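Peer 1: Sharing a structure here in structure tokens format.
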């Protein structure tokens with residue numbers, strides 16, 4: 001007589017996993033990290049141990065370290081009945097996701113909603129007087145002129161080209177930065193010329209042509225003009241987000257163009273037009289300097305300040321779903337993301353340790369553009385959890401550029417302590433506006449002068465009075481900017497007072 005079942009150990013588990021991975025669910029997955037995630041689930045579930053009475057389906061099912069095990073059932077109906085009797089609140093962690101996964105989705109949807117509202121709005125922020133523009137002009141033209149004025153004041157006027165010498169002409173790093181600066185300079189010149197032409201048209205000094213008509217049409221819809229879109233950006237980004245990001249990029253190029261040692265500069269990787277090329281340039285430079293084969297070099301990373309000559313420092317990175325506290329050891333966290341203030345990379349002939357796990361580095365948070373991978377050492381947990389939770393790094397959080405601009409400035413400043421950086425980040429999140437954005441709204445610069453701030457606030461708040469044809473929305477932005485700057489002044493005063501009290505002890 002034949003047997004009614006097959007022993008679990010004799011089932012072709014590897015063939016089943018391959019079938020699910022390559023044919024049924026996988027096979028069309030282009031991202032290897034998504035494929036790895038699928039393989040992790042298959043390795044965990046499709047195993048002979050699944051028939052054991054103590055096989056754990058879910059660890060910590062109730063938040064109190066209670067495991068959920070498969071019962072001893074012999075039919076499909078018994079399993080369905082067991083499933084219907086599960087009373088625990090179903091959490092994302094049941095399938096390996098962080099419990100804040102829904103919060104992440106809601107955040108993404110909220111950001112998309114705000115972008116769409118900005119694109120639909122026919123009135124962007126206008127913070128300066130419109131006395132130079134004829135009051136007979138359409139409201140959209142007045143607003144566009146004010147926006148162009150604001151952007152022109154924020155953009156640097158020029159970027160100095162790098163000077164070639166017989167010593168640096170063959171330097172891979174110099175060649176990379178020369179290309180970046182030349183591209184940035186050309187785009188900066190075109191953007192400034194376009195904004196100047198828009199101002200001229202809005203003031204009635206010149207007539208519109210097809211190019212200006214196309215520019216104003218895009219900007220009034222909150223879209224990035226096609227002639228400005230010369231590097232990879234997220235598809236849904238607004239013109240304001242693009243400009244804030246571009247200002248930060250050009251500011252970095254200005255700093256690099258005046259540097260006496262490009263190798264020792266901290267680089268905002270997400271602010272490079274070709275971030276992959278920077279990594280390749282560092283690799284080629286080390287291979288060239290040491291006479292090592294380019295193909296045999298391995299990248300090593302370390303988080304924290306650097307004092308080693310053979311390391312290259314990157315800032316502005318963000319880790320989603322985890323944090324790296326020291327060296328290259330990574331830990332899972334409940335927060336959505338954490339900042340990596342400084343990350344140092346080096347190239348050697350030694351491969352990464354066997355316990356290291358490769359995590360993807362994406363250009364933006366939409367995870368569309370994969371740049372490369374960094375090797376981290378996981379903490380006291382299974383390395384598969386990193387893939388199940390979708391842990392990854394991003395080089396540029398366009399749309400939240402003010403936060404990350406402040407983060408980069410904090411990373412490059414030796415005067416800011418970690419506690420001060422955390423307090424500033426908390427204040428930005430609590431008040432919904434960053435210090436840098438607040439200073440741009442009131443058009444004030446550091447060091448902050450309370451009298452000047454009060455003067456600018458009164459002027460802008462009164463100028464945008466609804467009774468005078470202004471906007472309550474603009475008034476609210478001005479008010480929030482004043483609140484954020486006042487909070488920063490109060491924090492600075494408290495810090496100074498504590499410092500003096502400590503010195504007097």
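Numbering (full-length UniProt numbering), first residue to last: 1 to 505.
Every residue, glycine too, gets a C-beta built ideally from N, C-alpha and C.
What you are looking at is a predicted structure, and each value in this text was computed from that prediction instead of being measured.
If you follow the alpha helix (DSSP H) that residue 184 is part of, which residue opens it and which one closes it?
Peer 2: Residues 172-202.
Peer 1: Kindly provide the ranges of any alpha helix (DSSP H) runs that are 4 or more residues long and lie completely inside the segment 204-271, ordered along the chain.
Peer 2: Entirely contained in the segment 204-271, the alpha helix (DSSP H) runs reaching 4 residues are, in chain order, 210-220, 239-257.
Peer 1: In or out: residue 282 buried (at least 16 other Cβ within 10 Å) or exposed?
Peer 2: That one is buried.
Peer 1: Going by CA-CA distance only, name the one from 16, 341, 39 that's closest to residue 387.
Peer 2: The residue with the shortest Cα to Cα distance from residue 387 is 39.
Peer 1: Based on Cα-Cα distance, which residue from 5, 107, 32 lies nearest to residue 336?
Peer 2: Looking at the Cα atoms, 107 is the closest of the given residues.
Peer 1: Might you give, ordered along the chain, the residues of its own chain that have their beta carbon closer than 6 Å to the beta carbon of residue 67, omitting 5 neighbours on each side?
Peer 2: Contacts found: 56, 59.
Peer 1: For the alpha helix (DSSP H) containing residue 392, name the first residue and the last one.
Peer 2: Run containing residue 392: none in the alpha helix (DSSP H); it sits in the beta strand (DSSP E), 392-394.
Peer 1: Can you find a C-beta in chain D that's less than 8 Å from the C-beta of residue 146?
Peer 2: In the structure shown, chain D cannot be found, because there is only a single protein chain.
Peer 1: Classify residue 250: buried if its beta carbon has 16 or more other beta carbons within 10 angstroms, exposed otherwise.
Peer 2: Result: buried.
Peer 1: Taking just the CA atoms, how far does residue 141 sit from residue 438?
Peer 2: Answer to the nearest angstrom: the Cα atoms are 24 Å apart.
Peer 1: Note down, in chain order, each residue of its chain lying with its Cβ closer than 7 Å to the Cβ of residue 355, except the 5 sequence neighbours on either side.
Peer 2: Cβ neighbours of residue 355 beyond the five flanking positions: 377.
Peer 1: Between which two residues does the alpha helix (DSSP H) containing residue 278 stretch?
Peer 2: Looking at the DSSP string, the run of the alpha helix (DSSP H) that includes residue 278 is 275-290.
Peer 1: Report buried or exposed for residue 82, applying the criterion of at least 16 other Cβ atoms within 10 angstroms of its Cβ.
Peer 2: By the 10 Å Cβ count, residue 82 comes out exposed.
Peer 1: If you follow the beta strand (DSSP E) that residue 398 is part of, which residue opens it and which one closes it?
Peer 2: Per DSSP, residue 398 belongs to no beta strand (DSSP E) and is neither H nor E.
Peer 1: In the DSSP assignment, find the alpha helix (DSSP H) that holds residue 457 and state where it starts and stops.
Peer 2: Unbroken alpha helix (DSSP H) run through residue 457: 450-463.
Peer 1: Between the segment 198-210 and the segment 258-276, are three or more C-beta pairs nearer than 8 Å?
Peer 2: No, they do not touch.
Peer 1: Using DSSP's beta-bridge definition, name the partner residues of residue 437.
Peer 2: In DSSP, residue 437 forms no bridge with anything.
Peer 1: Going by CA-CA distance only, name the one from 196, 462, 318, 442 that's closest to residue 393.
Peer 2: When each option's Cα is compared against that of residue 393, the closest is 318.
Peer 1: Is DSSP giving residue 365 helix, strand or coil here?
Peer 2: Reduced to three states, the DSSP call for residue 365 is coil.
Peer 1: For a quick check, are the C-beta atoms of residue 352 and residue 375 less than 8 Å apart?
Peer 2: Yes. Within cutoff.
Peer 1: Since residue 363 and residue 238 are thought to touch, with beta carbons under 8 Å apart, how far apart are those beta carbons, to the nearest angstrom?
Peer 2: 18 Å between Cβ atoms; not a contact.
Peer 1: I'd like the span of the alpha helix (DSSP H) that includes residue 18, first residue to last.
Peer 2: Per DSSP, residue 18 belongs to the alpha helix (DSSP H) from 13-19.
Peer 1: Taking only the alpha-carbon atoms, compute the straight-line gap between residue 49 and residue 225 and give it to the nearest angstrom.
Peer 2: Taking the straight line joining both Cα atoms gives about 58 Å.
Peer 1: Please report how far the alpha carbon of residue 320 lies from the alpha carbon of residue 389, in whole angstroms.
Peer 2: Residue 320 and residue 389: Cα-Cα distance of roughly 9 Å.
Peer 1: Terminal residues of the continuous alpha helix (DSSP H) containing residue 142?
Peer 2: Its alpha helix (DSSP H) spans residues 139-154.
Peer 1: Is the separation between the beta-carbon of residue 162 and that of residue 176 shorter than 8 Å?
Peer 2: No, they are not a contact pair.
Peer 1: Please work out which residues of its chain come closer than 7 Å, Cβ to Cβ, to residue 365, disregarding the five sequence neighbours upstream and downstream, and give them in chain order.
Peer 2: Closer than 7 Å at the Cβ level, and outside the excluded window around residue 365, lie 394, 397.
Peer 1: Please classify residue 110: is it buried, with 16 or more other beta-carbons within 10 angstroms of its beta-carbon, or exposed?
Peer 2: When all chains shown are included, residue 110 counts as exposed.
Peer 1: Ordered along the chain, which non-local residues of its own chain (more than five positions away) have a Cβ less than 7 Å from that of residue 195?
Peer 2: Taken in chain order, the residues that qualify are 148, 151, 152.
Peer 1: Check whether the Cβ atoms of residue 349 and residue 297 lie closer than 8 Å to each other.
Peer 2: Closer than 8 Å, so yes.
Peer 1: Can you find the residues in the same chain that come closer than 8 Å, C-beta to C-beta, to residue 130, ignoring five residues on each side of it along the sequence?
Peer 2: Any reading at residue 130 must be qualified, since the residue scores a pLDDT of 43, below 50, and its modelled position is unreliable; no value is offered.
Peer 1: Measure the CB-CB distance between residue 441 and residue 372 and report whether it falls below 8 Å.
Peer 2: No, Cβ-Cβ distance for residue 441 and residue 372 is not below 8 Å.
Peer 1: How should residue 300 be labelled, buried or exposed, when 16 other C-beta atoms within 10 angstroms of its C-beta is the threshold for buried?
Peer 2: Residue 300 should be labelled buried.
Peer 1: What are the boundary residues of the beta strand (DSSP E) that includes residue 329?
Peer 2: First-last of the beta strand (DSSP E) with residue 329: 329-348.
Peer 1: Taking Cβ positions, are residue 248 and residue 222 nearer each other than 8 Å?
Peer 2: Result no, Cβ atoms of residue 248 and residue 222 do not sit closer than 8 Å.
Peer 1: Tell me the residue span of the alpha helix (DSSP H) that contains residue 83.
Peer 2: Its alpha helix (DSSP H) spans residues 76-84.
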